[in-house]
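2 protein chains.
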Amino acid sequence: MLAWGAATREHEAVNAAETTARRVRMDPDERRDQILRVAARLFGDRPYSEVSISDIAAEAGIARGLLHHYFGSKRELYLEVVRASSREPLGGDTAAVLGTEQAWATAVDRFLQAIDHHPERWLAAVNVGGPESDDEVAAILDETREILADHTLAAIGLDDRADDPVVRAFIRAWGGFVQELTIEWVGRARIDRDRVRRTMLATLPLLVERILPLLDEHDA
Amino acid sequence: MLAWGAATREHEAVNAAETTARRVRMDPDERRDQILRVAARLFGDRPYSEVSISDIAAEAGIARGLLHHYFGSKRELYLEVVRASSREPLGGDTAAVLGTEQAWATAVDRFLQAIDHHPERWLAAVNVGGPESDDEVAAILDETREILADHTLAAIGLDDRADDPVVRAFIRAWGGFVQELTIEWVGRARIDRDRVRRTMLATLPLLVERILPLLDEHDA
DNA sequence: GACCTTTGTTGAACGCTGTCCAATAGTCGG
DNA sequence: CCGACTATTGGACAGCGTTCAACAAAGGTC
């Protein structure tokens, strides 16, 4: 009743449901995708706790129970949204020969271009958008960053040391550097894209050359 | 008295409240502090949404309503916890003359020592422990990081450029580098303290010398 | 075309949450 | 010892996420 009232607001599926059929039967995959899209949009707009199952159900034009039928719980639905968005391409694969200066430049440019194209997505993904700095969400984002670290190592031709914990820690730290740098760019506008680019291009090779050897020594 | 002492520590407060006195009247400031301590412990143990007002009230040996009397809402209480913990000293002020190599080493050592002393606090503060990557929580942590950036600039003797947005962005990015590096150390143990120390000591001066001039140019 | 099985979908019911507020009872000054 | 003050209580409330038995749309079968 209240759900129906709210459901009449907007969106094609909703209107269709209200005017033509009281009950719309969809292919499970389609329904799942539809719910996922609506949820992704709402979770992108406002924080986790302020998006209720009722909201999502209303906008999707379905009953609350159906969400639980498909995803089990609100949390699981949210995780699915995060998983889906973390699977979206960010870097893309490099065409040039890996390990060359050109490969590194290409990787950096693609990275920056992806962020430039979807700044809000990047900010959301990076802002640890988790509902409660949650272990599962953190694990997903962590995995994404590890993969990004692999790509970074490959791009600068250091993939032969990808199993070295210290090297991984070092690259992850550099990822933190880049993350903050891009936030300063697209989020706070205290630095422009070209400076971000120059910094990224110059910094990692410099650090690999000058700092990494320092970490290979056993004692100071 | 002793009952209060127990109340601040363990759930014995519940027993004490049930067996001896049905109603314990405290000084508002003490009560506020006690609630804050209990809340800080619980919010540190598990995520925001899994800590209920009832839990906090039970552990503190008080009624749920009293929490709202003191803090207005669960959210406000949480923000207070975050504010309090972000005020805790992390770096400490430097004794040596700022801008020297020794000042930088001292600052780094104090920083590392603080983390080493309370690793869980550092991880909690850094893990964007916010309930929903929330604007207010983010703002508080942001402010803390800006202050830390100021201290960093002072330690390396670059405080005369503290108003330059590009320099600030650069230092903030370095903060991201350090943050990830320390997580790799105390959180994932993929790198040891001494390597973190050497990295921090060597990296920032190197970047200031080699990368910062690059950012001062207007075009590439 | 009518039946029946399958299954996508509903909506009422439940327990728990955060929040409010009138009533209650410790505490202290006179 | 009394009265005023106020810290504290506990029940009421709306809203949340979740469950589940009942319902209805599709598709195969005859």
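Protein sequences appear in the order of chains A and B. So in numbering that gives the first Met the number 0, the last one in the first sequence is 219, and the numbering has no gaps at all. So in numbering that gives the first Met the number 0, the last one in the second sequence is 219, and the numbering has no gaps at all. All residues carry an ideal CB built from backbone N, CA and C; glycine is no exception. Since the structure is predicted, the reported quantities are computational estimates derived from the model, not experimental observations.
Go ahead and pull the three-state DSSP assignment for residue i.
{"i": "Ala-57 of chain A", "result": "helix"}
{"i": "His-116 of chain B", "result": "helix"}
{"i": "Thr-99 of chain B", "result": "coil"}
{"i": "Glu-9 of chain B", "result": "With a pLDDT of 36 at Glu-9 of chain B, under the threshold of 50, the modelled position of this residue cannot be trusted; read the value that follows with caution. Glu-9 of chain B: coil per DSSP, three-state reduction."}
{"i": "Val-50 of chain A", "result": "coil"}
{"i": "Ile-190 of chain A", "result": "coil"}
{"i": "Val-185 of chain A", "result": "helix"}
{"i": "Asp-159 of chain B", "result": "helix"}
{"i": "Asp-26 of chain A", "result": "coil"}
{"i": "Ile-34 of chain B", "result": "helix"}
{"i": "Arg-171 of chain B", "result": "helix"}
{"i": "Leu-62 of chain A", "result": "Here residue 62 of chain A is Ala; the residue named in the question, Leu, does not match the sequence. It is coil, neither helix nor strand."}
{"i": "Ala-15 of chain B", "result": "Confidence at Ala-15 of chain B is low in this model, with a pLDDT of 40, below 50, so its placement is unreliable and no value can be given for it."}
{"i": "Ile-139 of chain B", "result": "helix"}
{"i": "Gly-43 of chain B", "result": "helix"}
{"i": "Ile-210 of chain B", "result": "coil"}
{"i": "Arg-197 of chain A", "result": "helix"}
{"i": "Glu-216 of chain B", "result": "coil"}
{"i": "Ser-72 of chain A", "result": "coil"}
{"i": "Gly-129 of chain A", "result": "Bear in mind that the predicted position of Gly-129 of chain A carries a pLDDT of just 45, short of 50, making it unreliable; the figure below should be weighed with that in mind. Here Gly-129 of chain A sits in coil by DSSP."}
{"i": "Arg-109 of chain A", "result": "helix"}
{"i": "Arg-86 of chain A", "result": "helix"}
{"i": "Arg-220 of chain B", "result": "A question about residue 220 of chain B goes unanswered here, because the residues of chain B that appear run from 0 up to 219."}
Closest to residue i by C-alpha separation, out of the options, would be which residue?
{"i": "Ala-106 of chain B", "options": "B:Thr-151, B:Pro-164 and B:Val-195", "result": "B:Thr-151"}
{"i": "Ala-154 of chain B", "options": "B:Ile-34, B:Arg-74 and B:Leu-203", "result": "B:Leu-203"}
{"i": "Leu-180 of chain A", "options": "B:Thr-181, B:Glu-183, B:Phe-176 and B:Ile-182", "result": "B:Phe-176"}
{"i": "Ile-182 of chain A", "options": "A:Gly-60, A:Ala-62 and A:His-117", "result": "A:His-117"}
{"i": "Ala-59 of chain A", "options": "A:Glu-145, A:Asp-158, A:Thr-198 and A:Ala-39", "result": "A:Ala-39"}
{"i": "Arg-31 of chain A", "options": "A:Pro-164, A:Leu-65 and A:Ile-52", "result": "A:Leu-65"}
{"i": "Lys-73 of chain A", "options": "B:Arg-209, B:Ser-48, B:Leu-122 and B:Ile-170", "result": "B:Ser-48"}
{"i": "Thr-143 of chain B", "options": "B:Asp-162, B:Arg-171 and B:Val-165", "result": "B:Arg-171"}
{"i": "Leu-41 of chain B", "options": "B:Tyr-77, B:His-217, B:Val-166 and B:Gly-156", "result": "B:Tyr-77"}
{"i": "Leu-140 of chain B", "options": "B:Asp-26, B:Gln-33 and B:Gln-178", "result": "B:Gln-178"}
{"i": "Asp-28 of chain A", "options": "A:Val-165, A:Glu-119, A:Tyr-69 and A:Ala-62", "result": "A:Tyr-69"}
{"i": "Pro-46 of chain B", "options": "A:Phe-110, A:Pro-164 and A:Ala-137", "result": "A:Ala-137"}
{"i": "Val-166 of chain A", "options": "A:Arg-63, A:Thr-198, A:Glu-208 and A:Arg-187", "result": "A:Glu-208"}
{"i": "Gly-156 of chain B", "options": "B:Phe-110, B:Met-25, B:Gln-101 and B:Ile-61", "result": "B:Gln-101"}
{"i": "Thr-99 of chain B", "options": "B:Val-23, B:Asp-158, B:Leu-111 and B:Arg-187", "result": "B:Asp-158"}
{"i": "Arg-21 of chain B", "options": "B:Gln-33, B:Ala-62 and B:Gly-43", "result": "B:Ala-62"}
{"i": "Pro-164 of chain A", "options": "B:Arg-187, B:Asp-44, B:Asp-149 and B:Ala-161", "result": "B:Arg-187"}
{"i": "Val-125 of chain B", "options": "B:Gly-43, B:Ala-57, B:Asp-149 and B:Gly-71", "result": "B:Gly-43"}
Could you round the C-beta distance between residue i and residue j to whole angstroms and report it? I think they count as a contact, below 8 Å.
{"i": "Ala-168 of chain A", "j": "Arg-189 of chain B", "result": "4 Å"}
{"i": "Leu-147 of chain B", "j": "Val-80 of chain B", "result": "Not confirmed; about 19 Å, so no contact."}
{"i": "His-200 of chain A", "j": "Trp-173 of chain A", "result": "Reading the sequence as shown, one finds Leu at residue 200 of chain A and not His. Actually they are not in contact, since the Cβ atoms of Leu-200 of chain A and Trp-173 of chain A sit about 13 Å apart, beyond 8 Å."}
{"i": "Leu-122 of chain B", "j": "Val-50 of chain B", "result": "Going by Cβ atoms, the distance from Leu-122 of chain B to Val-50 of chain B rounds to 17 Å, so no, they are not a contact pair."}
{"i": "Val-249 of chain A", "j": "Ile-55 of chain A", "result": "Outside the displayed range of chain A (0 to 219) lies residue 249 of chain A, so it cannot be described from this structure."}
{"i": "Arg-109 of chain B", "j": "Ser-84 of chain B", "result": "That pair is no contact at about 18 Å."}
What residues in the segment 148-174 of chain B bring their beta carbon closer than 7 Å to a beta carbon of chain A?
-> Per Cβ criterion, the list reads Pro-164, Val-165, Arg-167, Ala-168, Arg-171, Ala-172, Trp-173 and Gly-174.
Assess, as a yes-or-no matter, whether the segment 193-213 of chain A is touched by the segment 203-217 of chain B under the definition of 3 or more beta carbon pairs within less than 8 Å.
-> yes
Residues of the segment 188-204 of chain A with a CB closer than 7 Å to any CB of chain B: list them in chain order, please.
-> Arg-189, Ile-190, Asp-193, Arg-194, Arg-197, Thr-198, Ala-201 and Thr-202
Chain A contacts made by the segment 47-77 of chain B, where a contact means CB separation under 8 Å | Residues Tyr-47, Ser-48 and Glu-49.
With 9 Å as the limit, tell me which residues of the segment 205-217 of chain B have their beta carbon closer than that to any beta carbon of chain A; keep them in chain order.
-> Flagged, chain order: Leu-205, Leu-206, Arg-209, Ile-210, Leu-213, Leu-214 and Glu-216.
Select from the segment 101-118 of chain A all residues with a C-beta closer than 7 Å to any C-beta belonging to chain B, and list them in chain order.
-> none
Residues, ordered as in the chain, of the segment 26-44 of chain B that lie near chain A by beta-carbon distance below 8 Å = none
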